[in-house]
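Here is the structure we will look at, set down as structure tokens.
There are 2 protein chains.
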Amino acid sequence: MRPKKVTLDMIAQVAGVSRATVSLVVRKSPLVADRTRKKIEQVMADLDYVRDIGAARLRNNSSRTIGVIVPNLVNSFFTEFLSGAERIMGEDDRVVLLANSHDDLSRQDDILQRFRGHGVDGVILCPAEGTEPGLLTRIQGWGMPVVQSLREVGQDLTDYAGADYIEGVRLAVQHLVDHGWRRIAFLSVTAHTSASDERLKGFARALALTGAEDADTVEVELTWDGAAGSAEKVLALPNRPTGVLCFNDILAAGLMLGLRRAGLEPGVDVAVVGLDDLPLAQLTYPPLTSVAVFPEQIGASAARLLVRRLADATAPIERSIVSPQLMARQSSWQEAD
Amino acid sequence: MRPKKVTLDMIAQVAGVSRATVSLVVRKSPLVADRTRKKIEQVMADLDYVRDIGAARLRNNSSRTIGVIVPNLVNSFFTEFLSGAERIMGEDDRVVLLANSHDDLSRQDDILQRFRGHGVDGVILCPAEGTEPGLLTRIQGWGMPVVQSLREVGQDLTDYAGADYIEGVRLAVQHLVDHGWRRIAFLSVTAHTSASDERLKGFARALALTGAEDADTVEVELTWDGAAGSAEKVLALPNRPTGVLCFNDILAAGLMLGLRRAGLEPGVDVAVVGLDDLPLAQLTYPPLTSVAVFPEQIGASAARLLVRRLADATAPIERSIVSPQLMARQSSWQEAD
DNA sequence: TCATCCTATTAGATCGATCTAAATTTTACG
DNA sequence: CGTAAAATTTAGATCGATCTAATAGGATGA
Chain A
1 MRPKKVTLDM
11 IAQVAGVSRA
21 TVSLVVRKSP
31 LVADRTRKKI
41 EQVMADLDYV
51 RDIGAARLRN
61 NSSRTIGVIV
71 PNLVNSFFTE
81 FLSGAERIMG
91 EDDRVVLLAN
101 SHDDLSRQDD
111 ILQRFRGHGV
121 DGVILCPAEG
131 TEPGLLTRIQ
141 GWGMPVVQSL
151 REVGQDLTDY
161 AGADYIEGVR
171 LAVQHLVDHG
181 WRRIAFLSVT
191 AHTSASDERL
201 KGFARALALT
211 GAEDADTVEV
221 ELTWDGAAGS
231 AEKVLALPNR
241 PTGVLCFNDI
251 LAAGLMLGLR
261 RAGLEPGVDV
271 AVVGLDDLPL
281 AQLTYPPLTS
291 VAVFPEQIGA
301 SAARLLVRRL
311 ADATAPIERS
321 IVSPQLMARQ
331 SSWQEAD
Chain B
1 MRPKKVTLDM
11 IAQVAGVSRA
21 TVSLVVRKSP
31 LVADRTRKKI
41 EQVMADLDYV
51 RDIGAARLRN
61 NSSRTIGVIV
71 PNLVNSFFTE
81 FLSGAERIMG
91 EDDRVVLLAN
101 SHDDLSRQDD
111 ILQRFRGHGV
121 DGVILCPAEG
131 TEPGLLTRIQ
141 GWGMPVVQSL
151 REVGQDLTDY
161 AGADYIEGVR
171 LAVQHLVDHG
181 WRRIAFLSVT
191 AHTSASDERL
201 KGFARALALT
211 GAEDADTVEV
221 ELTWDGAAGS
231 AEKVLALPNR
241 PTGVLCFNDI
251 LAAGLMLGLR
261 RAGLEPGVDV
271 AVVGLDDLPL
281 AQLTYPPLTS
291 VAVFPEQIGA
301 SAARLLVRRL
311 ADATAPIERS
321 IVSPQLMARQ
331 SSWQEAD
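If you're matching them up, the sequences are chains A and B in order.
Per the UniProt record's numbering: the first sequence = residues 1 to 337.
Per the UniProt record's numbering: the second sequence = residues 1 to 337.
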């Protein structure tokens, strides 16, 4: 029924050479005479040959496959991240195995085993909440290179690609202060990862640096309900803030809606600033001031770090940090109209 | 350096049985005696054995890998779609290869070749703009089962999972009419795929069905610039609409901003309705009335269709259509406040 | 006791490409 | 022309699991 697969042997047969020679052509070795190469390439094209990478890997141990594990996929942040990683891997003629840990440790373990069984060459991991540094060393013990991204566990265990949220938060706070919003609160999330720690740390530093007044930190869940209820909590702060910096744009958008429901005009009565600059930041009303962190670029960097490590397992550990950029919009900066 | 890989042979050696028996245990065959199985399982656990699926596939032709090709990844619609597909495949102990065609035909071809080389068991394809039906039959000629999703090319060539946009559009138009917005325009995209055709067709039908007045169709590019400029075009229509139905929520959100910039209040002066009900629909101001199409479910359905076809290549072709649901919000339905 | 039928296990070939080491052909040069 | 050196090509083993067909060891029944 299904047409027999075209193999190296067939090509060899038809071209009148040995399997080994054809293999050399496939791998673009310079050892083959030009005339021979031409002839073989012709036959390959005629028969529509497709090299079986699985079989190749069995012998030479490179599957040209890498795994990416993200903790969720509903946030479009991760989509862009993936998109960047996929792009670079595609350029290097590799393929991306995708999996979603849902921030669940045992699921994350399952995925790693599955990836291992599939012989992936390496992994880009955004560790699930609660991941222990031991996991990283265990993975490396399997001979599987890892790059962490967006979140980090352990100190200098692996290469890392991420955003500079410390600087991002500083930009945001500086911007608020520059526009006269001096009593600032931070709207954070209940889940604790290096991603939230970093922002909190950045917030403390930025306050010190700018001399702004700390109106405290509020934590909500990173869900629609959490976002919806955030305004209430923020407005209940004893020292009511004039500006609020949010963990990400989703919370910021939710906060703006809540403020409005409470009769306050975002950007006029209270300034709101988000982080990440997702596409939705441009679509809220008023458009949301946010700090762009370029997830596509982070994904691409993570991929590049992994490719580099695959080429040289002994290279020194590297960190690639993408610089953030403030996108000032009307949620913090009403122009006279 | 890197610890030698644990193979079936080693397990066999240690357990004092043959490789073949161990293989039977791995595949959970009932042919093995209980005592033997126990012993072998113990050894596998002790040595941390991981079955090499690539090697297995070489012999038995199932890689437990499927490919998913989407035309872009920045739209969070596709993320949710992916998330659903990945979930079902994970449940079936399969792994997802992800690739992004960027709606580019030659890139789509490349990806298919790459997938072929990796020996994927099947593909979920959201065909790039301009894909010919011939491609589908070609893929099937390779012996590679395909499920189309979200977009469809050709008639009943493959299984298909998608949303019922005809009904979705009907719901939206009916809703507009019910709330007194009777002169309705459709804001579409310049790229023509089955996805846009279906919505346009649905629009024509819905007008006929509800007796609403056609205020014409406007096409813009599905980009931020396109969305931003859409209001101008809509307002320039000779027969200025009182309600606008949009291709998706991104355009709808852009349109609302544009309307506001032109001094019109969305939901009061002009009703706006989106399609897809992305998370951002709840975060715009006013919150956007939209038709939920449940991309996560569509992705899951596509995956289920593919799993089914992998099990039985001769099964009749099936279509799985998820029913849409109207989410009424304030962009079309101001309550007195 | 022996033929028969299970049940449990296994030897050996096999999937498709790559690697090693050796064989063959070509070229170069005295 | 002869032979060493260089350039090409190749036979055969190999990666790790699965499949086929055959085998060993009981249990059963006549």
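Here a beta-carbon is modelled for each residue, glycine too, at the ideal position from N, C-alpha and C.
The structure presented is a predicted model; accordingly, all values stated were derived computationally and were not measured.
{"query": "Can the beta-carbon of V291/A be found less than 8 Å from the beta-carbon of L326/A?", "result": "yes"}
{"query": "Nearest-angstrom Cα distance between A336/B and A172/B?", "result": "Reliability fails at A336/B, whose pLDDT of 43 lies under 50, so the model's placement of it is uncertain and no value is given."}
{"query": "Below 7 Å CB to CB, which residues in the same chain sit around M1/A once its five sequence neighbours on both sides are set aside?", "result": "Reliability fails at M1/A, whose pLDDT of 42 lies under 50, so the model's placement of it is uncertain and the value that follows must be treated cautiously. Taken in chain order, the list of residues that qualify is empty."}
{"query": "Note down, in chain order, each residue of its chain lying with its Cβ closer than 7 Å to the Cβ of L8/B, except the 5 sequence neighbours on either side.", "result": "R19, V22 and S23"}
{"query": "Could you pull out every residue in the same chain whose Cβ sits closer than 7 Å to the Cβ of residue 341/A, ignoring the five residues on either side in sequence?", "result": "Residue coverage of chain A in this structure runs from 1 to 337, which leaves residue 341/A outside it and unanswerable."}
{"query": "Would a check of beta-carbon distances place Q282/A closer than 8 Å to chain B?", "result": "yes"}
{"query": "So, with DSSP's three-state summary, where would you put I317/B?", "result": "coil"}
{"query": "With respect to the beta strand (DSSP E) encompassing Y165/B, which residues constitute its N-terminal and C-terminal limits?", "result": "No beta strand (DSSP E) holds Y165/B; the alpha helix (DSSP H) holding it covers Y165 to D178."}
{"query": "In angstroms, rounded to a whole number, what distance separates the CA positions of L135/A and R64/A?", "result": "23 Å"}
{"query": "Classify residue 352/B as helix, strand or coil using the three-state DSSP reduction.", "result": "Within the shown structure, residues of chain B are numbered from 1 to 337, placing residue 352/B beyond reach of any answer."}
{"query": "Can you look up T190/A in the DSSP assignment and give me helix, strand or coil?", "result": "coil"}
{"query": "What number of angstroms, rounded off, separates the C-alpha of N72/A from the C-alpha of E132/B?", "result": "34 Å"}
{"query": "Closest Cβ-Cβ distance between A336/B and chain A: below 8 Å?", "result": "Low confidence applies here, because A336/B scores a pLDDT of 43, under 50, leaving its location unreliable and the question unanswered by this model."}
{"query": "L98/A versus chain B: which residues are under 9 Å apart at the beta carbon?", "result": "V68, L82, E86, V95, V96, L97 and L98"}
{"query": "Looking at the structure shown, is residue 369/A part of a helix, part of a strand, or coil, going by DSSP?", "result": "Residue numbering for chain A in the displayed model covers 1 to 337; residue 369/A lies beyond these limits and cannot be assessed."}
{"query": "Go to D225/A, then tell me how far its beta strand (DSSP E) extends in each direction, as first and last residue.", "result": "Here D225/A belongs to no beta strand (DSSP E); instead the alpha helix (DSSP H) covers W224 to L235."}
{"query": "In chain order, what residues of the same chain have a beta carbon less than 8 Å from the beta carbon of S323/B, not counting five sequence neighbours either side?", "result": "D164 and E167"}
{"query": "Do S76/B and S101/A come within 8 Å of each other at the CB atom, strictly closer than that value?", "result": "no"}
{"query": "Considering just the uninterrupted stretch of the alpha helix (DSSP H) at S301/A, what are its terminal residues?", "result": "P295 to A311"}
{"query": "What residue range is occupied by the uninterrupted beta strand (DSSP E) comprising G67/A?", "result": "T65 to V70"}
{"query": "Does chain A have any CB closer than 8 Å to the CB of R170/B?", "result": "no"}
{"query": "Comparing C-alpha positions only, which one of D225/A, S29/A and K201/A sits nearest to T217/A?", "result": "K201/A"}
{"query": "For T210/B and Q174/B, what's the separation of their Cα atoms in angstroms?", "result": "7 Å"}
{"query": "Compare the Cα-Cα distances from G162/B to each of P316/B, E41/B and A302/B and report the closest residue.", "result": "A302/B"}
{"query": "Any contact of the segment 76-94 of chain B with the segment 106-115 of chain B, i.e. 3+ C-beta pairs under 8 Å?", "result": "no"}
{"query": "According to DSSP, is A85/B helix, strand or coil?", "result": "helix"}
{"query": "Does DSSP classify S290/B as helix, strand or coil?", "result": "strand"}
{"query": "Measuring from the CB of E41/B, is there a heavy atom of the ligand GTP at a distance below 7 Å?", "result": "No copy of the ligand GTP appears in this structure; indeed no ligand is present at all."}
{"query": "Helix, strand or coil: how does DSSP classify V26/B here?", "result": "helix"}
{"query": "Name the chain B residues whose beta carbon is nearer than 8 Å to that of D52/A?", "result": "L58, G117 and G119"}
{"query": "Under three-state DSSP, which class holds M1/B?", "result": "Residue confidence for M1/B is low, a pLDDT of 42 falling below 50, so the modelled location carries little weight and cannot support an answer."}
{"query": "Just the C-alpha distance for L264/A and R304/A, rounded to the nearest angstrom, thanks.", "result": "46 Å"}
{"query": "Under 8 Å between C-beta atoms, does G254/B make it to chain A?", "result": "yes"}
{"query": "Is it buried or exposed for L114/A, if we count other Cβ within 10 angstroms and need 16 for buried?", "result": "Per the sequence presented here, residue 114/A reads as Arg, with Leu not at that position. So R114/A ends up on the buried side."}
{"query": "Taking the C-alpha atoms as reference points, what is the distance between M89/A and F78/A?", "result": "16 Å"}
{"query": "Go through the UniProt domain \"HTH lacI-type\" (6-60) of chain A residue by residue and report every complete run of the alpha helix (DSSP H) that reaches 4 residues or more, in order.", "result": "8-15, 19-26, 34-47 and 53-60"}
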